[in-house]
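First comes the structure, then the notes that go with it.
Numbering (the numbering used here), first residue to last: 5 to 244.
The structure is reproduced here in structure tokens:
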């Protein structure tokens, strides 16, 4: 049976000489794996270039509930990303976010609200002319709401943030997984700010690296088998 669905490209694996398996986060079916024959041929109907990290697709697909490899009848890039593929900074951020999404969405069921959040975030990144050096921090914390572990931010930041319990507190936790001033204040701002104003958060390069490493620790503590983030070093260099 044929179905229409929007999708976000996450990962491509070579399958045979010219074919690939693409793992996509679809609006209708959650995470799915699609066998795409001939995707690496120059004149492919569904070309591998359409499947780059976080590219957006409109698709007509055959769907079976067996969990096996699915098939795509038609796919178009919609909308076509303008800046992310061409801009080294934006493409580096996209690769990083893509790696995080692949880790946390492995078993993801259909979730239209989550899908729309990711799609709108990608489009904002693609279209904005504002500085994006804090965008990834804000994206990760907004994403955590959909994953079920976004912290509740008090009106004013308290002295510590406990990464394990996901709460602000006036007392130092008994473990080392915590933030303290001045990083609790920065983190509190990240939790409350829009993408549009994220560039106004005042922090040094070192602060940004430290805060990102702690946010990744937060994800590790709350996501099973999260593992290491390979694209982290690229991001650190790009925003130096």
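Even glycine gets a Cβ: it sits at the ideal position worked out from N, Cα and C.
Computed from a predicted model, the values in this text were never measured in an experiment.
Expected contact under 8 Å - CB spacing of residue i and residue j to nearest Å
i           : j           : result
residue 39  : residue 59  : So it is not a contact: roughly 18 Å between Cβ atoms.
residue 138 : residue 98  : Wrong, their Cβ atoms sit about 16 Å apart, outside the cutoff.
residue 226 : residue 153 : 4 Å
residue 107 : residue 35  : In fact, because the Cβ distance is near 12 Å, the residues do not count as touching under 8 Å.
residue 94  : residue 127 : Contact flag wrong, Cβ pair sits at about 12 Å.
residue 61  : residue 43  : No, residue 61 and residue 43 are not in contact; Cβ-Cβ is about 13 Å, not under 8 Å.
residue 182 : residue 100 : That pair is no contact at about 24 Å.
residue 2   : residue 63  : The structure shown does not extend to residue 2, since the chain spans only 5 to 244, so no value can be given for it.
Between the CA atoms of residue j and residue i - distance to the nearest angstrom
i           : j           : result
residue 31  : residue 124 : 13 Å
residue 168 : residue 237 : 25 Å
residue 195 : residue 56  : 29 Å
residue 210 : residue 47  : 46 Å
residue 198 : residue 71  : 37 Å
residue 186 : residue 193 : 11 Å
residue 65  : residue 206 : 46 Å
residue 122 : residue 213 : 23 Å
residue 102 : residue 184 : 29 Å
Run of the beta strand (DSSP E) containing residue i, from where it starts to where it stops
i           : result
residue 14  : 6 to 18
residue 211 : First-last for residue 211: 209 to 226, but that is the alpha helix (DSSP H), not the beta strand (DSSP E).
residue 24  : 24 to 30
Close beta carbons around residue i, own chain, < 8 Å, minus the five adjacent residues each side
i           : result
residue 171 : 155, 156, 165
residue 188 : 161, 162, 163, 164, 165, 172
Residue i beta carbon near the ligand ADP (any heavy atom closer than 6 Å)
i           : result
residue 165 : In the structure shown, the ligand ADP is absent, as is every other ligand, since no ligand is present at all.
Contact set for residue i: own chain, Cβ-Cβ below 7 Å, skip 5 residues either direction
i           : result
residue 158 : 172
residue 23  : 39, 40, 41, 42, 43
Boundaries (first-last residue) of the alpha helix (DSSP H) holding residue i
i           : result
residue 238 : 236 to 242
**OP:** Please go through the stretch 63 to 151 and give each complete alpha helix (DSSP H) segment of 4 or more residues, from N-terminal end onward.
**Re:** 92 to 108, 116 to 131, 139 to 151
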